[in-house]
Amino acid sequence: MYRKLVTFLTLVFLIFIAFVPNTNAVYRETENDKKKLFKVIKVIDGDTIVASIRGKNETIRLLGIDSPETVDPRKPVQCFGKQASDKMKSFVLGKFVKLVDDRSQGNRDKYNRLLRFVYLPDSVATFVNGEMVKQGYASSYRQYPTKFLNKFNSFETYAREHNLGLWNSCPVNDTVTKTPTKTNTYLVPTKGYAAPVQQSGGAYACDCSKSCSAITSCAEAYYQLNTCGCSVRDGDKDGVPCEALCN
Numbered sequence: 016m017y018r019k020l021v022t023f024l025t026l027v028f029l030i031f032i033a034f035v036p037n038t039n040a041v042y043r044e045t046e047n048d049k050k051k052l053f054k055v056i057k058v059i060d061g062d063t064i065v066a067s068i069r070g071k072n073e074t075i076r077l078l079g080i081d082s083p084e085t086v087d088p089r090k091p092v093q094c095f096g097k098q099a100s101d102k103m104k105s106f107v108l109g110k111f112v113k114l115v116d117d118r119s120q121g122n123r124d125k126y127n128r129l130l131r132f133v134y135l136p137d138s139v140a141t142f143v144n145g146e147m148v149k150q151g152y153a154s155s156y157r158q159y160p161t162k163f164l165n166k167f168n169s170f171e172t173y174a175r176e177h178n179l180g181l182w183n184s185c186p187v188n189d190t191v192t193k194t195p196t197k198t199n200t201y202l203v204p205t206k207g208y209a210a211p212v213q214q215s216g217g218a219y220a221c222d223c224s225k226s227c228s229a230i231t232s233c234a235e236a237y238y239q240l241n242t243c244g245c246s247v248r249d250g251d252k253d254g255v256p257c258e259a260l261c262n
């Protein structure tokens, strides 16, 4: 009887052990989460950094912003360039950051740089791209509109109005805004409204009567919203057009 009891208790114990969560598995999962953060090992300038990603050094161009040039051999060092570079160093150099892409922009640019939004893993998830513009170390880059274009434009307006950074230190004709700001003269589209046709290098044409189902890509959706002023494409006003395409 005693042996049967011991055998029964041993069996119960083994079954219990089999179903107890493996703490090592939980620990490994936490380590995998940490691998989503990448260490910045070099700052090239105010909008370009180098991070170690899976054992490889990758150059990263921060999306949506443009800082004064400091390293382009074809161009002179621009006003406030060193300050912008130093500010970026204070934000990210030697730190781990989170990198987020934008489907409308592609993975890399023509120089093979990764295109990313950069966040710090702090308590407020500091948006480095946005802070560089808001604090006056970079301008909103309008040539290739990202999903946060309106936000970057607002940050730039804030920096200009408060004379922050380069907007206080640099002549207007020596700032980093390389693409003229386009004045949006379109009214909020109503039913049946069609914006004047404008070509974008032959890629897209403005047409505010075009529904999301007729738009072929997320990039075109952003073009209709940000370039053509078709705010009807962003019904919930979150800056993201045609949610089915761009989320």
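For the sequence shown, our numbering begins at 16 and goes up steadily by one. For every residue, glycine included, the Cβ atom is placed at its ideal position computed from N, Cα and C.
Margin query: Using DSSP's beta-bridge definition, name the partner residues of Lys71.
Written below: Ile68
Checklist line | C-alpha distance - Asn165 paired with Leu240, whole-angstrom precision | finding: 10 Å
Next item on the list: Report yes if the C-beta distance between Ser232 and Leu260 is below 9 Å; otherwise report no.
Entry: yes
Note to self: Does Tyr238 come out as helix, strand or coil in the three-state DSSP assignment?
What the structure shows: helix
Margin query: Given this structure, state the Cα-to-Cα distance separating Arg175 from Asp117, to the nearest angstrom.
Written below: 26 Å
Next item on the list: Indicate the three-state DSSP secondary structure (helix, strand or coil) for Leu129 in the structure shown.
Entry: strand
Check: Can you name the residues that DSSP bridges to Asp81?
Finding: Ser154
Check: So, helix, strand or coil for Arg123, using DSSP?
Finding: strand
Notebook entry, point to check: Per DSSP, Val58 is paired with what?
Noted result: Ile64
Checklist line | First and last residue of the uninterrupted alpha helix (DSSP H) at Leu164 | finding: 164-176
Margin query: For Leu114, report the span of its beta strand (DSSP E) as first-last.
Written below: 111-115
Note to self: Are the CB atoms of Ala66 and Ile56 within a distance shorter than 9 Å?
What the structure shows: yes
Notebook entry, point to check: Given Pro186, which residues of its chain have a CB within under 8 Å of its CB, disregarding the five upstream and five downstream residues?
Noted result: Cys94
Check: Secondary structure at Arg76, three-state DSSP: helix, strand or coil?
Finding: strand
Next item on the list: Counting only the same chain and skipping the five closest in sequence on each side, list residues whose C-beta sits under 7 Å from that of Ile68.
Entry: Phe53
Check: With 16 other CB atoms within 10 Å as the buried threshold, where does Gly216 fall?
Finding: At Gly216, the pLDDT of 49 sits below 50, so the modelled position is not reliable; the number obtained from the coordinates is stated separately. Exposed is the call here.
Notebook entry, point to check: Who are Tyr134's beta bridge partners in DSSP?
Noted result: Lys113, Phe142
Next item on the list: Assign Cys243 to one of two classes, buried (16 or more other C-beta atoms within 10 Å of its C-beta) or exposed (fewer than that).
Entry: buried
Next item on the list: Give every residue of the same chain whose Cβ lies closer than 8 Å to the Cβ of Met147, excluding the five residues on either side of it in the sequence, and list them in chain order.
Entry: Gly61, Asp62, Leu77, Ile80, Ser82, Ala99, Lys102, Met103, Phe106, Ala153
Check: Excluding sequence positions up to five away, which residues of its chain have a Cβ less than 6 Å from the Cβ of Lys92?
Finding: It is Val, not Lys, that sits at residue 92 in the sequence shown. The residues are Thr85.
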